[in-house]
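Numbering (the numbering used here), first residue to last: -7 to 231.
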């Protein structure tokens, strides 16, 4: 048996305060009966719903990984190592998968989860979740590059890219790119078209979640319930 408010928080979609508000508003039901008391105990077989949506009792697993270069953003590959190979056996058994992909030679923030709904919320083109990358190029980035990113670009194969932000840094060969879509090799292809090949790329953040600076390359940690709730909240706002 588990407290209802704790069960709501354990889904990773709401903070404790938000769970209390859901209960107070009468939006939570167990086995079809609206319950407003968070201290109410429920069993594993109980059917828990919010606004009619069925929720899972089991807390999804979601981890933050500091991806190093040289690994594929995939669950398995016969020839090359993947990011899942960095995880301990007990996590590999859970069927975690990357939320989106980073190129083999790209480093930085990568989320892995077994929560398909959360992955969809972060990756759906309709949600426009910001992703920020640090980029280093051959040559110098300038205002013309900024304008090209801001206007949106059509790549050589006809791929249309949405407007994006390019922020110039003190080093003229470095910048911060903010994307709101996940087209294949988009940062590299945009800058290659500008005649400035990318030499280094690192994803710093996804939505409101930034890479934990304490994580060494190849290291990981679970997301907290609060972090998962923030991701859900941000993806809902962008819908």
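Quick reminder that beta carbons are idealized off the backbone N, C-alpha and C, glycines included.
Helix, strand or coil at residue i [DSSP, three-state]
i: residue 159; result: strand
i: residue 231; result: At residue 231 the pLDDT is 42, less than 50, meaning the model places this residue with poor confidence and gives no usable figure here.
i: residue 152; result: strand
i: residue 187; result: coil
i: residue 171; result: strand
Length of the line joining the Cα atoms of residue i and residue j
i: residue 6; j: residue 188; result: 43 Å
i: residue -4; j: residue 151; result: 48 Å
i: residue 102; j: residue 60; result: 10 Å
i: residue 159; j: residue 123; result: 13 Å
i: residue 113; j: residue 199; result: 11 Å
i: residue 166; j: residue 205; result: 20 Å
i: residue 209; j: residue 58; result: 5 Å
i: residue 267; j: residue 18; result: This structure cannot settle anything about residue 267, because the visible part of the chain is limited to -7 through 231.
i: residue 125; j: residue 179; result: 9 Å
i: residue 211; j: residue 81; result: 15 Å
i: residue 207; j: residue 197; result: 14 Å
For residue i: DSSP bridge partner residues
i: residue 18; result: Residue 18 pairs with nothing; no bridge assigned.
i: residue 217; result: Per DSSP, none; premise fails for residue 217.
i: residue 195; result: 100, 125
i: residue -5; result: 33
i: residue 202; result: 197
i: residue 222; result: The partner list for residue 222 (beta bridge, DSSP) is empty, contrary to what the question assumes.
i: residue 166; result: 128
i: residue 105; result: 54, 89
i: residue 179; result: In the DSSP output, where bridge partners are listed per residue, residue 179 has none listed.
Short CB-CB distance (under 8 Å) between residue i and chain D
i: residue 41; result: Judged by its chain identifiers, the structure shown contains no chain D, having just a single protein chain.
Residue j beta carbon less than 8 Å from that of residue i
i: residue 110; j: residue 53; result: no
i: residue 92; j: residue 115; result: yes
i: residue 117; j: residue 173; result: yes
i: residue 67; j: residue 195; result: no
i: residue 22; j: residue 38; result: yes
Alpha helix (DSSP H) segments (min. 4 residues) lying fully within the stretch 42 to 103:
Taking only runs of at least 4 residues, the alpha helix (DSSP H) segments lying wholly in the stretch 42 to 103 are 81 to 84.
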